[in-house]
Amino acid sequence: MFGKDGLFAPNAQVAFGLLWFEFLAISPSYELARRYVEGVWTDEDERKRPADFDRVLEVYRDLGDVQRRLFRHWWLEKAFDLFGYQGEKPRVQGIAKIFRRKDGKPDIADKAAKYIDGAWQQQGQQRTMIVAIPAGLPKPQIFKQIEKLLASYPDEKRVLRYTKPKYVLAGKRQDKHSLFRYLMVTWARMKLPKERLWRIGVLTNISSTYSGRLQPSEKPGHGEKTEDRAALKFLTNRAIYRGRMIAENAARGVFPSYAKCPHAVQPDWEEQYRMWVARRKFQIAAKKQSSAQPQSVVRHDHS
């Protein structure tokens, strides 16, 4: 768990937040928004300006600079409040059943701990009443007594700590491993803008089928490896395209999605790599400086 002010986000949500952060950093549209807001706009920037730039600016004003920020600071100061808690919907549930035992008192500690570490966390650490319900009581009596217990709880505390986030993950199925592969291959293209695509596919291991069959030092030739290179070229090109679309859609508040972004800005790979190098240098220096200073307490739960 990773959170602030009594609110927490599951580790899985933070992982997708980190990926969103990294894809924003390679979006040409998002970089244009940064330059516009910071007042370093040029005639060349104006020529690249996408038709939906107002939407990109809106997202930038929400999520801010990702070139000169560490993820930890960006998440707590910008993204957390906008992404909100996206866990399970709170619900009533049983924790344990107890009954008379010959070998001693019932032990419900393990089940209570499992609930607290599991469902209670995933449902947003809501204020929760733990009650004992004798199973033999008539239902009307049970309902009446539970209603009385709830009535004793102040109204201002009977509110779910849950708000609909402004930014939510797109789609029902998200695969962070595929997203990371798309990010890696896009980084490689930035570093090696003139390299053959199949070689980038080998270097980034983009295909479990074809990447291992080839060596990046091999010279193009004939034979069965020609087909392997052609297949790997296609897969690498597709992965780079998807990485670009994910980044450009992220700049418009949609993540993760490699659907075609109608107004995507064409990347300048060499310029993007220079930015990537500068960003890495900043992050390394900032982390060293941060580690030398007292840290604020942020809760992590790796269970």
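When we follow the numbering used here, the leftmost residue of the sequence shown carries the number 2, and every step to the right adds one.
Even for Gly, the Cβ is constructed at its ideal location relative to N, Cα and C.
Exposed or buried, residue i, counting other C-beta atoms within 10 Å across all chains shown (16 or more means buried)?
i: GLN290; result: exposed
i: SER28; result: buried
i: GLN124; result: buried
i: ALA265; result: buried
i: TRP199; result: buried
i: GLY213; result: exposed
i: GLU249; result: buried
i: ASP229; result: buried
i: GLY18; result: buried
i: ALA286; result: exposed
i: ALA80; result: buried
Rounded to whole angstroms, how far is the Cβ of residue i from the Cβ of residue j, which I believe are closer than 8 Å?
i: TYR1; j: ALA252; result: Since the first residue shown for the chain is 2 and the last is 304, residue 1 is missing from the structure and cannot be characterised.
i: ALA113; j: ALA136; result: The Cβ separation is near 18 Å, so there is no contact.
i: LYS177; j: LEU20; result: 6 Å
i: LEU233; j: LEU215; result: 7 Å
i: ALA260; j: MET246; result: 7 Å
i: GLN94; j: ALA120; result: 7 Å
i: PHE84; j: TYR168; result: 5 Å
Grab me the residues of residue i's own chain with a C-beta within less than 6 Å of its C-beta, minus the 5 sequence neighbours each way, in chain order.
i: GLN273; result: MET191
i: ILE131; result: none
i: TYR211; result: ASP229, ALA232 and LEU233
Residue i to residue j, Cα distance in whole Å?
i: PRO263; j: ARG243; result: 13 Å
i: ARG56; j: GLY254; result: 8 Å
i: ARG159; j: THR129; result: 9 Å
i: ASP269; j: TRP277; result: 12 Å
i: GLU148; j: GLU157; result: 16 Å
i: LEU33; j: THR187; result: 19 Å
i: PRO51; j: ALA26; result: 17 Å
i: VAL15; j: PRO257; result: 14 Å
i: ARG62; j: LYS90; result: 30 Å
i: LEU13; j: LEU170; result: It should be pointed out that residue 13 corresponds to Ala in this sequence rather than to Leu. Their backbone Cα atoms lie some 12 Å apart in a straight line.
i: LYS220; j: ARG69; result: 40 Å
i: LEU138; j: PRO166; result: 42 Å
i: LYS288; j: GLU47; result: 34 Å
i: LEU305; j: GLN127; result: A question about residue 305 goes unanswered here, because the residues of the chain that appear run from 2 up to 304.
i: ASP53; j: VAL38; result: 16 Å
i: THR43; j: ARG275; result: 18 Å
i: SER179; j: GLY40; result: 36 Å
i: LYS226; j: GLU78; result: 51 Å
i: ARG35; j: PRO194; result: 24 Å
i: GLU271; j: LYS173; result: 35 Å
i: ARG73; j: GLN175; result: 22 Å
i: PRO107; j: LEU150; result: 24 Å
i: ARG92; j: ARG197; result: 54 Å
i: ILE292; j: LYS282; result: Residue identity differs from the one stated: residue 292 is Ser in this sequence, not Ile. When rounded, the distance between both Cα atoms is 16 Å.
i: ASP82; j: ARG102; result: 48 Å
i: LYS49; j: SER209; result: 37 Å
i: ALA152; j: GLN122; result: 25 Å
In the DSSP output, what is residue i paired with across the bridge?
i: PHE256; result: LEU170
Apart from the five residues on each side of it in sequence, which residues of its chain come closer than 7 Å, Cβ to Cβ, to residue i?
i: ALA189; result: ILE201, LEU204 and THR205
i: VAL67; result: PHE22, LEU25, ALA26 and TRP75
i: ILE143; result: ILE134
i: MET185; result: THR205
i: ILE207; result: ARG182, VAL186, LEU236, THR237 and ALA240
i: SER218; result: none
i: ARG280; result: ALA26 and GLN68
i: VAL60; result: ALA252, ARG253 and GLY254
Looking at the C-beta of residue i, does it have a partner C-beta in chain C at a distance below 8 Å?
i: SER153; result: Of the protein chains in the structure, only one exists, and it is not chain C.
Who are the near neighbours of residue i in its chain, counting only those whose CB is closer than 8 Å to its CB and skipping five residues on each side?
i: ILE109; result: ILE96, ALA97 and ILE99
i: GLN305; result: In the structure as shown, the chain begins at 2 and stops at 304. Residue 305 is therefore absent and cannot be evaluated.
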